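Residue 17 in UniProt numbering sits at position 17 of the sequence shown, with consecutive numbering throughout.
Every residue gets a Cβ at the ideal spot worked out from N, C-alpha and C, and that includes glycine.
If you're wondering where the values come from, they're calculated on a predicted model, not measured in any experiment.
Please read the structure below before turning to the comments.
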Amino acid sequence: MLAKLLNTILRIAEPDEEVPRYPPFAKGLPVIPAIKILESQEELIKKIKHYLGVTDQEYQGRVYPLIFNYARFVHLLPASEKHHHRGAGGLFRHGLEVGFEAVYKSHGVLYGMDENPGRRKQLTPRWRLAIFIAGMLHDLGKPVTDVEIKSEDGAHTCNIVGDDIETWARKRKIQRYYLSWRVNRNGDHEIVSPTLINKVITPEVQEYLNEYGPAIYKEMLLTIAGTSHNSKMYSLVMDADYLSVEKDLKNNCIPIDPSIGAPIEWFILDAMRQQIKKGTWTDNAKGAVVWRLKEGTFILWNEAAEDISRLITKSNIPGIPKHPDTLADILIDRQLAVPYRLNPQTVRRYWTIKPGSMDLPLRVLKLVDPMNVYTDALPLIVDGHVIHIETETDGQSDAVAQDGEAAVTPTNHDSENSTDAEQANPESEPEIPSGGVVEIETSIKAQPATPPPAPTNHSQPSPASPALNADDNSKVNTAEAKAARQWLASKHAAGALLMQSLDAISAEYFQIQPNGRVLMLHLNIAAALDQKPIHIITTIDAAGMIEVDPRKPMVKVTELGGVKGVLLNKETSRYLTVLIQNAETPPVPPTPPQIAATPPGTNRPTPSRGQPQRAHTAQRNATHEIDQLIQAIKAFELPLAVDQTDDSLIVDMVLLRGYIEERQLFEMKQLLRYAFERPDISIDNTNKKFIVKK
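Next comes the structure, spelled out in structure tokens:
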């Protein structure tokens, strides 16, 4: 009694509360409603719904009951004792991951090719649902074969073949349950899994999958049992299982005894993922935290570390250092970040990069793998390079300019190191970013070793188009051209129109003025593209690209030297000038004849004598391939999910681009221009959808 009183006075807690014991106490798993388990994986479930291509009604009627029943059956059980997904809820997460990865990969597979298009249209969503179910339920037998589930006192054991965990615990008023792992259990779950499917699959789904015969349902059962080794469904599920296991072991490797503490890098990476997911961190633009160049993915670390520290503090996680250098050292020590190493004598914590769109270099931390912090699509690879710094002074080796600071002077290591870095550290192809910008040119083809000779201009240069010297004219920086194309890509329809104009008429109708502005001869361009002049002006003006007289803000057309056109603003002119100077055809004489816009369907102007015909042939071939692609979408013959409304067919743009690039059908920019010209085809950049009118 006296001891307890003294403890209270001195505020000394009970020993079993504060003093850790070895071996640690098992804390058990809480008995929570299954709906809470679903909510913990809300983001992944949304992705599953999207790639299954189901409507809200179909999701509620078929898919949601499957996932809910699966959550009730496996509850918070781990997927393994000492391997992957070994934390609470690991089995549920693993099942969803495998189901998602399998159905995602299924978009590259055609089923029912011996069927007519109408029948294939009905079979495809059934195959995809069966593939998802097979992936989700491939470990369904583990709660029966791998673990024993008991109450805290050991008096009650859950027979999960009868009552699910939640029902069993509620009947006995149990708040937490405890696990013990069975011995000699390897592989037993595969035998049991198919016998338990009625715990998850509803009669409605069974009827739906069997509606056109037993083939789909049979292959699903054989895949769950692990005996359909030669089938495509089995291959998809096994590949998805491998990816899920690999990802978990890489990113979420939980210690067997997490009661002592978790590695600090977990919290750092988790904070970074949250900032990216919420959109707090942007990429590849002025003020961005993340930059992705050919040499790798870089984080503007001073700003990032401040955000990370703030988020960790808000989460009440103790024991995490706050200084940016300390946080960077932790990631480097855990091989999650790469130090800059110019030579054995020059090893620095931070890198220096110069993105093409920035005026000053940036001090950044380089990540080993961007997928450690990106859960979805990676940002685009943009123009830029690493600046190599030879020496360090007074310990200020990392004092490099952040947005507003003074810039460092780089040493001249240039292209040789840059090329080696690109070859040593290749990265995956760019994805369509979450902001909805569709990349106009998804891949830049290798440039020839010797730049093409400068075109010969038979006319005299005019004051409106200052001549470049021969050296400049033949060696326009291809990196600048790439940056210009990337910038145009960010301008959506206006950027696509300008790119289309440059390619279609080879920069003939763009005049560079003495002040650097570009005069766009919109009447000639409209005629060449079979567009209405007002459409050209409206599209460009909507993107804020026109330079207007502030005294006459409604007047969009300017007359210079007797020539009427649209005067583009400084930024637009700067990027266009790079592309105009890199054009393959000679510039037009200073004052080309003005022609009236011709109605759609009339003959276009004949290409200039110097214009290569190969581009037109390539465009005709691409148009033929695109026509075939559109017909395949309409016939449901494309190995991708095709959603439909009353008047449209809809394909996911990310999947479509992957399909096009994998088969090297044509360049993505050609499809975008084609869609721009066709009134029955549109692209929803925000939601990443390719839409074809029926």
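- Taken in chain order, the whole alpha helix (DSSP H) runs of length 4 or more contained in the stretch 301-356 are 301-314, 324-333.
- Residue burial annotation: Thr227 is exposed, with fewer than 16 other C-beta atoms found within 10 angstroms of its C-beta.
- Taken in chain order, the complete alpha helix (DSSP H) segments of 4 or more residues contained in the stretch 164-238 are 165-171, 188-192, 203-209, 215-225.
- Taking a cut-off of 8 Å for Cβ pairs, the stretch 198-205 and the stretch 174-183 do not touch, as fewer than three such pairs fall below it.
- Lys49 sits in a helix when the DSSP states are folded into three classes.
- Taking C-alpha positions only, Arg172 is separated from Pro33 by approximately 15 Å.
- Going by DSSP, Met668 is part of the alpha helix (DSSP H) stretching over 668-677.
- Here Glu559 is bridged, per DSSP, to Lys564.
- Under the 8 Å Cβ criterion, the stretch 94-103 does not count as touching the stretch 204-217, having fewer than three qualifying pairs.
- Residues His107, Leu640 of the same chain have their beta carbon placed closer than 7 Å to that of Leu655, with the five preceding and five following residues left out of the count.
- Secondary structure at His107: helix, using DSSP grouped into helix, strand and coil.
- Between the alpha carbons of Val566 and Leu362 lies a distance of about 36 Å.
- Beta-bridge annotation (DSSP): Pro30 is paired with Arg176.
- For Gln644, the beta-bridge partners assigned by DSSP are Leu649.
- Ala285 and Arg128 have their C-alpha atoms roughly 38 Å apart.
- Taken in chain order, the complete alpha helix (DSSP H) segments of 4 or more residues contained in the stretch 475-536 are 478-489, 492-505, 522-528.
- A distance below 8 Å separates the beta carbons of Arg120 and Phe636.
- Lys570 sits in a helix when the DSSP states are folded into three classes.
- If you check the CB distance, Asp283 and Pro125 do not come in under 8 Å.
- Shortest Cα-Cα distance from Lys278 to any of Trp266, Val373, Ile626, Gln644 involves Val373.
- Take the alpha-carbon of Ser231 and the one of Asp241: they are about 16 Å apart.
- Annotation: the continuous beta strand (DSSP E) that includes Gly384 extends over 384-386.
- The alpha-carbon of Gly154 is positioned some 22 Å away from that of Gly87.
- For Phe298, the enclosing beta strand (DSSP E) starts and ends at 296-299.
- By the neighbour-count criterion, in which a residue is buried when 16 or more other Cβ atoms sit within 10 angstroms of its Cβ, Val161 is exposed.
- Straight across, the Cα-Cα distance linking Leu488 with Asn251 is about 36 Å.
- Cβ neighbours of Leu293 within its own chain (closer than 6 Å, five residues either side excluded): Gly384.
- Nearest C-alpha to Ile197 among Ala528, Tyr234, Ile133, Pro355: Ile133.
- If you draw a straight line from the Cα of Ile264 to the Cα of Ala328, it comes to about 12 Å.
- Bounds of the alpha helix (DSSP H) holding Arg72 are 64-74.
- When DSSP states are grouped into helix, strand and coil, Thr157 belongs to the strand group.
- Note on His138: 16 or more other CB atoms within 10 angstroms of its CB, so buried under the neighbour-count rule.
- Closest in alpha carbon position to Tyr340, among Gly658, His388, Ile317, His75, is His388.
- Two segments are said to touch when three or more pairs of C-beta atoms, one from each, lie closer than 8 Å; by this definition the stretch 75-90 does not touch the stretch 98-113.
- Here Leu638 carries a coil assignment [DSSP, helix/strand/coil].
- Bounds of the alpha helix (DSSP H) holding Lys142 are 142-145.
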